[in-house]
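Reading through the structure tokens given below for one structure.
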Amino acid sequence: MNAEEYSRIELSAFQSDGSLRGFVVSGRWPATTREWAQVLAMTVRIASLPGLLPTSTVFGVKEELPDDPEPGTVGLVVAEGPVLGERAVQPGRFAEHQPPALIMLHPPSETTPSLPENAGVASGCVLLPGIPHLGLEHRAAWVEAEPDGTVTALVSKVGVDPGNDPDTAILAMLLAS
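Sequential numbering of the sequence shown, starting at 1, is according to the numbering used here.
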């Protein structure tokens with residue numbers, strides 16, 4: 001194994017006007033579905049903090065570096081816009097450059113927990129688009145987390161049919177447009 005396989009993936013959240021606007025990714029990008037699920041778990045834990053994420057929001061992975069990056073920065077995960085409403089992410093947004101991953105985060109106010117005792121959880125989904133006609137399957141992960149950081153649910157899958165889940169269906173529609 002080389003040194004890159006041992007380097008950490010680091011996330012730093014950033015906000016604007018009191019709302020979560022994204023994450024700076026340092027070290028390296030996630031290389032597996034498992035690592036993307038771990039990154040999603042961290043982002044959902046942050047989104048569970050009261051008031052930080054006002055509504056369900058789509059985040060796009062940007063492999064470009066920000067202006068004046070810190071050493072080790074590899075890219076950004078940036079809020080593209082809300083899922084619904086006047087400023088919602090529009091189909092075709094990713095037509096010219098498909099991101100390697102899209103994430104949807106839901107605040108506690110817009111999350112229906114998987115178990116009744118998990119009231120107040122935030123949730124999220126990451127879709128890693130494949131190219132099915134070339135044998136590269138879609139991959140996805142889903143996470144729920146409480147405001148104290150406890151992950152209450154984590155599922156990851158390979159060979160995902162995006163139409164079988166509302167979150168993956170929306171993300172796939174945004175990528176396909």
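Here a beta-carbon is modelled for each residue, glycine too, at the ideal position from N, C-alpha and C.
Going by DSSP, which residues form a beta bridge with residue i?
i, result
"Thr-73", "Ser-26"
"Gly-81", "Val-58"
"Glu-139", "For clarity, residue 139 is Arg in the given sequence; the question names Glu instead. Paired residues: Leu-128 and Val-158."
"Leu-20", "Gln-15"
"Val-151", "Ala-145"
Look at the alpha carbon of residue i and the alpha carbon of residue j, and state the distance between them as a whole number of angstroms.
i, j, result
"Arg-93", "Ile-103", "14 Å"
"Thr-32", "Pro-129", "13 Å"
"Glu-137", "Val-58", "22 Å"
"Glu-35", "Arg-87", "31 Å"
"Thr-152", "Gln-90", "31 Å"
"Thr-165", "Ser-19", "In the sequence as presented, Thr is not what sits at residue 165; that position holds Asp. So the two alpha carbons sit approximately 27 Å from each other."
Candidates the options: which alpha carbon is nearest residue i's?
i, options, result
"Glu-64", "Ser-114, Val-143 and Val-78", "Val-78"
"Val-74", "Glu-80, Pro-66 and Leu-49", "Pro-66"
"Arg-28", "Ala-41, Glu-10 and Pro-99", "Glu-10"
"Ser-56", "Ala-176, Arg-139, Leu-40 and Ala-122", "Ala-122"
"Asp-148", "Phe-14, Pro-30 and Met-42", "Met-42"
"Ser-156", "Ala-95, Pro-82, Ala-140 and Gln-15", "Ala-140"
Please state the DSSP three-state secondary structure of residue i.
i, result
"Ser-109", "helix"
"Gly-163", "helix"
"Gln-98", "coil"
"Val-44", "helix"
"Val-126", "strand"
"Gln-90", "coil"
"Glu-144", "strand"
"Phe-170", "The question names Phe, but residue 170 is Ile in the sequence shown. DSSP places Ile-170 in helix when its eight states are reduced to three."
"Glu-10", "strand"
With a cut-off of 8 Å on the beta carbons, I'd call residue i and residue j a contact; round off their distance for me.
i, j, result
"Val-24", "Leu-76", "6 Å"
"Ser-114", "Glu-144", "6 Å"
"Ala-101", "Val-158", "Actually they are not in contact, since the Cβ atoms of Ala-101 and Val-158 sit about 14 Å apart, beyond 8 Å."
"Leu-53", "Ala-47", "4 Å"
"Pro-108", "Gly-120", "5 Å"
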